[in-house]
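**Q** In our numbering, the protein residues as written are 12 to 364.
1) I'd like the list of long-range same chain contacts for residue 131, defined as Cβ closer than 7 Å, with 5 residues on each side in sequence excluded.
2) Roughly how far, in whole angstroms, is the beta-carbon of residue 98 from the beta-carbon of residue 32, given that I think they are within contact range, below 8 Å?
3) Does residue 281 have its Cβ less than 7 Å from a Cβ in chain B?
4) Would you please state the rounded distance, in angstroms, between the beta carbons of residue 13 and residue 212? I believe it to be under 8 Å.
5) For the putative contact between residue 225 and residue 38, defined by C-beta atoms under 8 Å, what is the C-beta separation to the nearest angstrom?
6) Does residue 256 come out as helix, strand or coil in the three-state DSSP assignment?
7) Does residue 67 come out as helix, strand or coil in the three-state DSSP assignment?
8) Among the residues of its own chain, which have a CB less than 6 Å from the CB of residue 298, if the five just before and after it don't count?
9) Below 8 Å, can you find three or more Cβ-Cβ pairs linking the segment 142-154 to the segment 100-109?
10) Exposed or buried, residue 100, counting other C-beta atoms within 10 Å across all chains shown (16 or more means buried)?
11) What is the DSSP secondary structure of residue 109, counted as helix, strand or coil?
12) I'd like the list of long-range same chain contacts for residue 19, defined as Cβ closer than 7 Å, with 5 residues on each side in sequence excluded.
13) Please report the residue range of the beta strand (DSSP E) in which residue 321 lies.
14) Along the chain, where does the beta strand (DSSP E) that runs through residue 223 open and close?
15) If you run the structure through DSSP and keep just helix, strand and coil, what is residue 114?
16) Would you mind reading off the limits of the beta strand (DSSP E) that contains residue 276?
17) Quick check: the Cα distance between residue 116 and residue 44, rounded to an integer number of angstroms?
18) Tell me residue 198's beta-bridge partners as DSSP assigns them.
19) In this structure, how does DSSP classify residue 53 when only helix, strand and coil are distinguished?
20) Between residue 231 and residue 51, which are expected to be in contact by the criterion C-beta below 8 Å, what is the C-beta distance as a whole number of angstroms?
21) Which of helix, strand or coil does DSSP assign to residue 235?
22) For residue 47, list the residues DSSP reports as bridge partners.
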């Protein structure tokens with residue numbers, strides 16, 4: 012698949028601020044029906060299948076959600092509305108408010124399977140009972156299969172976002188798009204997705220592109236089907252952020268302490284004090300204590316808006332979080348590894364005053 016940019020599209024290309032709940036739901040449904048990603052998703056599949064049976068949801072998910080989000084190249088774009096960035100209930104409200112014409116068009120492209128025809132016909136006809144059942148089943152599936160794993164999902168996604176933001180800061184949008192090699196290849200004006208099941212061309216025509224990291228996407232980056240809708244690319248993230256995206260995880264923990272290092276990682280995706288408290292699993296008061304120290308050390312930037320405090324990484328904080336590359340680790344010259352050691356020593360001195 013090839014996505015074609017204009018200069019205006021580059022100015023409107025950005026990475027999502029965090030995980031999108033409906034893309035995670037849809038991608039997890041596909042993963043549950045498949046066998047790929049055994050290392051990353053094998054344990055999740057076993058636990059979720061057990062939990063779905065224990066809660067008497069297994070047959071309902073097979074009958075109602077698998078036909079709508081099959082393990083196939085196509086599933087309806089209406090399942091992944093932009094409101095997924097806001098939360099589950101906002102996304103479900105958007106899905107259940109889909110126009111009859113769009114339901115007819117998108118559900119009509121599903122082939123279904125034995126016994127699924129009547130259910131898909133009811134959805135295609137926008138029958139109230141079918142839509143209500145779709146929403147209720149999605150909500151129940153999310154509660155069992157996605158919500159318990161959300162802290163892990165957010166950690167992996169937030170770590171990837173930190174990496175992309177560093178690429179953007181260092182090289183602009185060209186650097187950001189080039190950071191996706193080898194899963195995507197960028198050479199202006201075209202972003203090529205070699206493993207995508209479609210060979211079509213999409214022209215953005217000034218609309219820009221939203222890049223969404225996803226925990227449950229594994230095989231290849233995904234796109235929406237309708238070329239007229241706002242365009243997105245949903246791409247797989249590394250499931251071990253401590254060993255890949257955040258290269259110096261253990262050293263960072265020793266340098267800052269476990270909790271403060273966790274706070275710094277959480278700040279990578281930006282957020283309020285309450286957001287960070289939820290990600291790290293500590294109280295807002297604890298977050299305020301650690302962000303004050305990190306701010307004094309020049310590692311984060313905090314700005315007040317009304318009654319909330321928004322925290323983001325400073326350039327210094329980004330450098331500390333990501334650390335030297337593998338090539339730099341092997342280079343003992345004063346400008347790389349020794350400079351990094353000196354930098355860590357200065358940070359440690361400030362932290363332990």
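For each residue, glycine too, the CB sits at the ideal point set by N, CA and C.
Since the model is a prediction, treat every value here as computed from it, not as a measurement.
**A** Inspection of the coordinates gives the following:
1) Within the same chain, and ignoring the five residues on either side of residue 131 in sequence, the residues whose Cβ sits closer than 7 Å to its Cβ are 78, 118, 121 and 123.
2) The Cβ separation is near 6 Å, so the contact holds.
3) The chain inventory of the structure shown lacks chain B, comprising one protein chain alone.
4) Between residue 13 and residue 212 the beta-carbon gap is near 5 Å, inside 8 Å, which marks them as a contact.
5) Confirmed, Cβ separation roughly 5 Å.
6) Because residue 256 sits at a pLDDT of 36, beneath the cut-off of 50, its placement in the model cannot be relied upon, and the following sentence gives the value as read from the coordinates. Residue state, collapsed to three classes: coil.
7) Under the three-state reduction of DSSP, residue 67 is assigned to coil, being neither helix nor strand.
8) In its chain, beyond the 5 residues on either side, 284, 287 and 288 have a beta carbon closer than 6 Å to the beta carbon of residue 298.
9) In this structure the segment 142-154 lies against the segment 100-109, because at least three pairs of beta carbons, one per stretch, are closer than 8 Å.
10) With fewer than 16 Cβ atoms within 10 Å of its Cβ, residue 100 is classed as exposed.
11) DSSP places residue 109 in coil when its eight states are reduced to three.
12) Sequence-distant Cβ neighbours of residue 19 in its own chain, meaning closer than 7 Å and more than five residues away, are 217.
13) Following the DSSP letters along the chain, one finds residue 321 inside the beta strand (DSSP E) bounded by residues 319-324.
14) Unbroken beta strand (DSSP E) run through residue 223: 220-225.
15) It is helical.
16) Not the beta strand (DSSP E): residue 276 falls in the alpha helix (DSSP H), residues 269-278.
17) Their Cα atoms are separated by approximately 24 Å.
18) Residue 198 is bridged by DSSP to 201.
19) Helix at residue 53.
20) A Cβ-Cβ distance of about 14 Å is found for the pair residue 231 and residue 51, leaving them out of contact under the 8 Å criterion.
21) When secondary structure is reduced to three states using DSSP, residue 235 falls in the coil class, being assigned neither helix nor strand.
22) DSSP lists no partner for residue 47.
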